[in-house]
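Chemist: This is the structure I want to talk about, given as structure tokens.
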Ligand code: NAD
């Protein structure tokens, strides 16, 4: 029987008869089924979430903090089972999924405390008889729509601040990774019923209905830019609050003073973590011309040494890609690049010793140019296209040569380069000498086609709070700038 939906604090059958098969990308077999929710299920979930919101919004922030810490504790308790499930449905190596569960728990702890200590503020009044306050309040029901690549973490980045701010939540996981999402019910079952609801189903049958629903005022979405644009158009008529974390095409600049013993494994890690299926994966590599030949030779040798195989295996560096279709896109982009003159230094094929599973060898490409798809469209796969630059001005221009602007990386000790990098590169997160490190207190999000809004940090809490300004005059006296007071007396 297919796994049921979690609505109002209990597992319930979907109103639809349809189910979704969940595939293990290592064996290519269907391992389980979940309900394919529909519009009637969305209606039930919204009703449950609205009811829960009417109480949750008034739970004191200090108590909400305790609830969130308890979520964190339960996530850590279920760490092994959750990580294993994530690997079985998403293909990410187990060690990385263990990290993901830990980071997700830490995010709930972080927002428990941010929520506990958050406050509005008193601002200067116009006159002495007045008090002016900036107040923050929850919106209501928040739809959290998340992708498959970091399904737990990206859930946490939304659900933790949304709950801390006093909203209730409907979580819609990707149909690639719905099983781990349903396991979260046990981490939320101490919350008042309906405060969190979990709806599995397709983007069209559940996602679109949630986005258009009149009683869902906030949509927090992480996923592709194309779906983000579609969501924005659906939400526009009701002027909903949108939070969109979308695609990327991150650049990595290796300056002439970089230490290659660090830069080679660092760039490889930034490009290949989770098979390059990270929104901030390095997808364009710019190396100073004086290091270029040595760098390309070393990184080719380095990636050839990475272990591909069973993602549950403790020594595995790279598992399969999550689905056949994602691998097919990478194959298309590499073929197009090669046709237009790019050269493959290693990879560029499925590994011959892994006939089953959606594997693709880590691929180093040189002689690429800006017109190739692999340099201008999101790849979301294990591909490292490398280009040389002659001076830092050119490196900055190349890094900015993209409509996306999620993150960017730099290896250098040169402070003048760092200053130019943070002043001129248009991206939400800039890493210098420490690629892809997240910090719960550091806001994360994109410029341009990479989205709207910021997750994490205090900014991440504000995405889920409406702002009010209260202007209060104790005196209740007429003001001299009104229409003449005598006029009023005359009328009486
Ligand atoms: P996707 O856009 O296909 O799906 C994301 C989620 O949206 C899923 O839950 C999906 O079911 C849902 N969805 C699909 N169609 C929908 C519709 N019409 N209406 C409402 N919901 C719909 O993305 P994906 O393949 O799951 O994830 C990969 C993408 O996510 C990449 O582009 C990646 O860059 C991006 N991503 C961005 C970030 C970030 O923080 N910026 C983080 C991770 C992933």
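In my numbering, the protein residues as written are 2 to 493.
Don't be surprised by glycine CBs; every beta carbon is placed ideally from N, CA and C.
Small disclaimer: the values here were computed from a predicted structure and weren't measured.
Under 8 Å from any heavy atom of the ligand NAD, does the C-beta of residue 209 make it?
Modeler: Because some heavy atom of the ligand NAD lies under 8 Å away, the Cβ of residue 209 counts as near it: yes.
Chemist: On the three-pair Cβ rule with 8 Å, is the region 48 to 62 touching the region 86 to 102?
Modeler: The answer is no - the region 86 to 102 does not touch the region 48 to 62, with fewer than three Cβ pairs under 8 Å.
Chemist: Exposed or buried, which one is residue 435 when buried takes at least 16 other CB atoms within 10 Å?
Modeler: It counts as exposed.
Chemist: Out of 108, 113, 127, 135, point me to the one whose CA is closest to residue 120's CA.
Modeler: Among 108, 113, 127, 135, the Cα nearest to that of residue 120 belongs to 135.
Chemist: For the putative contact between residue 94 and residue 317, defined by C-beta atoms under 8 Å, what is the C-beta separation to the nearest angstrom?
Modeler: At roughly 5 Å, the Cβ-Cβ gap stays under 8 Å, so residue 94 and residue 317 are in contact.
Chemist: Residue 459 and residue 446: beta carbons closer than 9 Å?
Modeler: Going by C-beta atoms, residue 459 is not nearer than 9 Å to residue 446.
Chemist: In whole angstroms, what is the alpha-carbon distance linking residue 138 and residue 164?
Modeler: Roughly 12 Å separates the two Cα atoms.
Chemist: For residue 286, which option in 367, 352, 307 has the closest C-alpha, if you only look at C-alpha atoms?
Modeler: Ranking 367, 352, 307 by Cα distance to residue 286 puts 367 first.
Chemist: With a 10 Å radius around its C-beta and 16 neighbouring C-beta atoms as the bar for buried, classify residue 124 as buried or exposed.
Modeler: The residue in question, residue 124, is exposed, as its Cβ has fewer than 16 Cβ neighbours within 10 Å.
Chemist: Rounded to a whole number of angstroms, what is the C-alpha to C-alpha distance between residue 372 and residue 389?
Modeler: For residue 372 and residue 389, the distance between alpha carbons rounds to 16 Å.
Chemist: DSSP three-state call for residue 281: helix, strand or coil?
Modeler: Reduced to three states, the DSSP call for residue 281 is coil.
Chemist: From residue 191 to residue 68, what does the alpha carbon distance come to, in whole angstroms?
Modeler: Taking the straight line from one Cα to the other gives about 8 Å.
Chemist: DSSP puts residue 242 in a beta bridge; with which residues?
Modeler: Note: residue 242 sits in a beta bridge opposite 219.
Chemist: In this structure, what does DSSP give as the bridge partners for residue 405?
Modeler: Note: residue 405 sits in a beta bridge opposite 449.
Chemist: Pick out the complete beta strand (DSSP E) segments inside the region 314 to 349, 3 residues or longer, and give them in chain order.
Modeler: With a minimum length of 3 residues, the continuous beta strand (DSSP E) runs that stay inside the region 314 to 349 are 344 to 347.
Chemist: Please report the residue range of the alpha helix (DSSP H) in which residue 211 lies.
Modeler: It spans 210 to 213 - the alpha helix (DSSP H) in which residue 211 sits, taken as one unbroken run.
Chemist: May I have the straight-line CA-CA distance separating residue 365 from residue 450, to the nearest angstrom?
Modeler: Their backbone Cα atoms lie some 26 Å apart in a straight line.
Chemist: Going by the CB atoms, is the gap between residue 170 and residue 196 shorter than 9 Å?
Modeler: Closer than 9 Å, so yes.
Chemist: Would a C-beta distance cut-off of 9 Å place residue 147 and residue 182 closer than the cut-off?
Modeler: Yes; because the gap between Cβ atoms is below 9 Å, this pair is in contact.
Chemist: Check each candidate in 154, 185, 381, 218 and name the one with the smallest Cα separation from residue 72.
Modeler: Minimum Cα distance to residue 72 is reached at 185.
Chemist: How close, in whole Å, do the beta carbons of residue 238 and residue 140 come, if the pair is a contact with beta carbons under 8 Å?
Modeler: Their Cβ separation, rounded to whole angstroms, is 17 Å, which puts residue 238 and residue 140 out of contact at 8 Å.
Chemist: Quick check on the burial criterion: 16 or more other C-beta atoms within 10 angstroms. Buried or exposed for residue 31?
Modeler: Flag for residue 31 reads exposed.
Chemist: Flag this pair as yes or no: are the beta carbons of residue 131 and residue 474 separated by less than 9 Å?
Modeler: Cβ atoms of residue 131 and residue 474: closer than 9 Å.
Chemist: Would you kindly work out how many angstroms separate the C-alpha atoms of residue 288 and residue 425, rounded to a whole number?
Modeler: Cα-Cα distance, rounded: 18 Å.
Chemist: What span of residues does the beta strand (DSSP E) with residue 442 cover, start to end?
Modeler: No beta strand (DSSP E) holds residue 442; DSSP gives it neither H nor E.
Chemist: Quick test of the definition: if touching needs 3 or more C-beta pairs under 8 Å, does the region 272 to 283 touch the region 372 to 387?
Modeler: Touching, per the Cβ criterion.
Chemist: Could you compute how far the alpha carbon of residue 306 sits from the alpha carbon of residue 266?
Modeler: Approximately 11 Å, taken between the alpha carbons.
Chemist: Check whether the Cβ of residue 212 lies closer than 8 Å to any heavy atom of the ligand NAD, and answer yes or no.
Modeler: Checking every heavy atom of the ligand NAD against the Cβ of residue 212, one is found closer than 8 Å.
Chemist: Rank 332, 300, 166, 15 by C-alpha distance to the C-alpha of residue 468 and give the top, closest one.
Modeler: Here the closest residue by C-alpha is 166.
Chemist: Taking just the CA atoms, how far does residue 40 sit from residue 216?
Modeler: Straight-line Cα distance between these residues: approximately 14 Å.
Chemist: Apply the 10 Å Cβ neighbour rule to residue 495 and answer buried if 16 or more other Cβ atoms are within range, or exposed otherwise.
Modeler: Because the chain in this structure spans residues 2 to 493, residue 495 falls outside the shown range and cannot be described.
Chemist: Could you spell out the range, first to last residue, of the beta strand (DSSP E) harbouring residue 413?
Modeler: Per DSSP, residue 413 belongs to no beta strand (DSSP E) and is neither H nor E.
Chemist: Pull up the distance between the alpha-carbon of residue 417 and that of residue 281, whole angstroms please.
Modeler: Spanning the two alpha carbons is a distance of roughly 24 Å.
Chemist: Closer than 8 Å: is that where the CB of residue 381 sits relative to any heavy atom of the ligand NAD?
Modeler: The answer is yes for residue 381.
Chemist: Would you say the beta carbon of residue 437 is closer than 8 Å to some non-hydrogen atom of the ligand SAH?
Modeler: Because the ligand SAH does not appear in the structure shown, any question about it cannot be addressed here, the ligands present being the ligand NAD.
Chemist: Pull up the CB-CB distance for residue 429 and residue 407, whole angstroms please, since I reckon it's below 8 Å.
Modeler: Contact flag correct, Cβ pair sits at about 6 Å.
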